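One point on numbering: in the numbering used here, the residue at position 153 of the sequence shown is 155, and numbering is uninterrupted. Down below is the structure, laid out as structure tokens.
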Amino acid sequence: MSGSDRIGILGAGAYGTALAVALARAGKRVVLCARHAAQAEAIAALRENRAKLPGFRLDEAITATSELAALLEAEALLVAVPAQAVRVACEALAKVMRASLPVVICAKGIERGSRRFMTDVVSESLPQARPAILSGPSFARDLAQGLPTAIVIGARDAALAGKLAGDLSSRALRLYHTPDARGVEIGGAAKNVLAIAAGIVEGRRLGDSAKAALTARGFAELRRFAAAHGAKPETLMGLSGLGDLMLSTSTPKSRNFALGLALGRGEAPSVAAHGNLAEGAFTASVLSEMAGIAGIPMPVSDCVAAILDQKLSVDKTIEILMDRPVRAEES
Numbered sequence: 003m004s005g006s007d008r009i010g011i012l013g014a015g016a017y018g019t020a021l022a023v024a025l026a027r028a029g030k031r032v033v034l035c036a037r038h039a040a041q042a043e044a045i046a047a048l049r050e051n052r053a054k055l056p057g058f059r060l061d062e063a064i065t066a067t068s069e070l071a072a073l074l075e076a077e078a079l080l081v082a083v084p085a086q087a088v089r090v091a092c093e094a095l096a097k098v099m100r101a102s103l104p105v106v107i108c109a110k111g112i113e114r115g116s117r118r119f120m121t122d123v124v125s126e127s128l129p130q131a132r133p134a135i136l137s138g139p140s141f142a143r144d145l146a147q148g149l150p151t152a153i154v155i156g157a158r159d160a161a162l163a164g165k166l167a168g169d170l171s172s173r174a175l176r177l178y179h180t181p182d183a184r185g186v187e188i189g190g191a192a193k194n195v196l197a198i199a200a201g202i203v204e205g206r207r208l209g210d211s212a213k214a215a216l217t218a219r220g221f222a223e224l225r226r227f228a229a230a231h232g233a234k235p236e237t238l239m240g241l242s243g244l245g246d247l248m249l250s251t252s253t254p255k256s257r258n259f260a261l262g263l264a265l266g267r268g269e270a271p272s273v274a275a276h277g278n279l280a281e282g283a284f285t286a287s288v289l290s291e292m293a294g295i296a297g298i299p300m301p302v303s304d305c306v307a308a309i310l311d312q313k314l315s316v317d318k319t320i321e322i323l324m325d326r327p328v329r330a331e332e333s
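Dropping the structure here:
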């Protein structure tokens with residue numbers, strides 16, 4: 003199979019733009035498709051996405067547009083829209099896209115209402131696509147700067163996952179691949195909820211020991227949830243699980259950690275995100291709901307969901323977690 007030199011990216015937010023910059027630097031021709039014509043026109047005129055990722059000039063190999071039809075010539079398509087917008091995006095793509103195109107979802111979440119994972123959303127709303135999922139520890143500005151970054155791509159079609167990893171990798175961006183798409187998407191979605199929890203601990207000044215303990219126990223429940231849905235444990239120990247969790251629980255540059263930080267400092271859930279998109283805020287309740295239906299104990303995730311839904315205060319959730327019965331440690 004030949005390499006993919008023409009890449010389409012649907013979604014001109016910070017991450018979609020950073021991917022475009024990274025791929026153009028690696029010699030790819032990229033079509034960056036924005037939601038609104040005004041945004042695309044501004045990006046094309048300025049050769050910079052000042053609204054979402056200021057400070058990075060876009061190579062001439064990047065074409066900015068708002069026309070979905072411009073994506074038709076792509077050999078692979080990256081969908082870099084928020085998780086709750088993936089279905090609508092794919093339904094729009096279904097009207098113009100040719101069959102058998104690899105479609106790589108870059109969102110980290112679970113669809114609310116349907117309780118569907120991202121690759122399932124693609125299969126249902128864009129049946130002609132070959133779905134894959136991209137995840138791992140990667141901040142948009144690090145990607146755009148060309149700093150060394152490693153992420154993972156998962157697809158049930160192992161050959162597709164391997165080909166995409168090879169096609170999208172460069173000297174600064176290394177992609178690993180796996181047929182365990184479910185593990186990749188669960189790791190990316192669930193770690194966002196745990197990042198909020200870690201931020202709450204930090205914001206409440208409960209100490210590094212508490213944050214480390216919470217992260218470890220949260221990771222144990224993430225692995226339980228993943229195992230119950232057929233994911234491989236080694237996937238969760240890799241980039242999309244443990245790797246991404248380490249990044250997202252360590253710095254306010256993580257939007258989910260920053261949200262938790264604000265909640266821990268006493269800000270109300272309605273304002274704590276400060277206008278930024280924190281995917282974990284949407285994932286927490288559906289993750290807790292799915293765990294409850296399956297009988298999977300996930301106390302940390304349950305508490306985050308309760309705080310965001312304003313059912314419990316931060317102090318009450320801490321009390322609940324600390325008052326849980328003593329038990330043997332299990333993974």
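Using N, Cα and C, we set each Cβ at its ideal position, and we do this for glycine too. Keep in mind the model is a prediction, meaning the values are calculated, not measured.
Distance between Ala-76 and Arg-8, taken at the CA atoms: about 5 Å.
Put simply, the backbone Cα of Ile-153 is about 29 Å away from that of Leu-310. Shown here, Ile-298 sits in coil according to DSSP, grouped into three states, outside any helix or strand. Judged by their CB atoms, Ala-199 and Leu-177 are not nearer to each other than the 8 Å cut-off.
At a Cβ-Cβ threshold of 8 Å, Ala-197 and Gly-243 do not count as neighbours.
In this chain, Phe-141 is not harboured by any beta strand (DSSP E), its DSSP state being neither H nor E. With contacts defined as CB atoms closer than 8 Å, Ala-63 and Ala-26 qualify as a contacting pair. Thr-253 sits exposed, since fewer than 16 C-beta atoms from the chains shown fall within 10 Å of its C-beta. Collapsing the DSSP output to three states places Val-154 in a strand.
In this chain, the alpha helix (DSSP H) harbouring Thr-319 covers 316 to 324. Between Val-288 and Ile-112, the CB-CB gap stays under 8 Å. In the structure shown, Asn-278 falls within a coil segment according to DSSP collapsed to helix, strand and coil. When only Cα atoms are considered, His-38 and Arg-114 end up about 25 Å apart. Between Gln-147 and the set Phe-58, Pro-181, Gly-168, the nearest pair of CA atoms involves Phe-58. Listed in chain order, the alpha helix (DSSP H) runs fully inside the region 83 to 136 are 88 to 95, 120 to 127, counting runs of at least 4 residues.
Ala-39: not part of any beta strand (DSSP E); member of the alpha helix (DSSP H) spanning 39 to 48, first to last residue.
In the three-state reduction of the DSSP assignment, Arg-173 falls in the coil class, being assigned neither a helical nor a strand state.
The Cβ atoms of Leu-74 and Ala-94 do not sit closer than 8 Å to each other.
Taking C-beta separations shorter than 7 Å and ignoring five residues to either side along the sequence, the partners of Arg-158 in its chain run Pro-181, Ala-183, following chain order.
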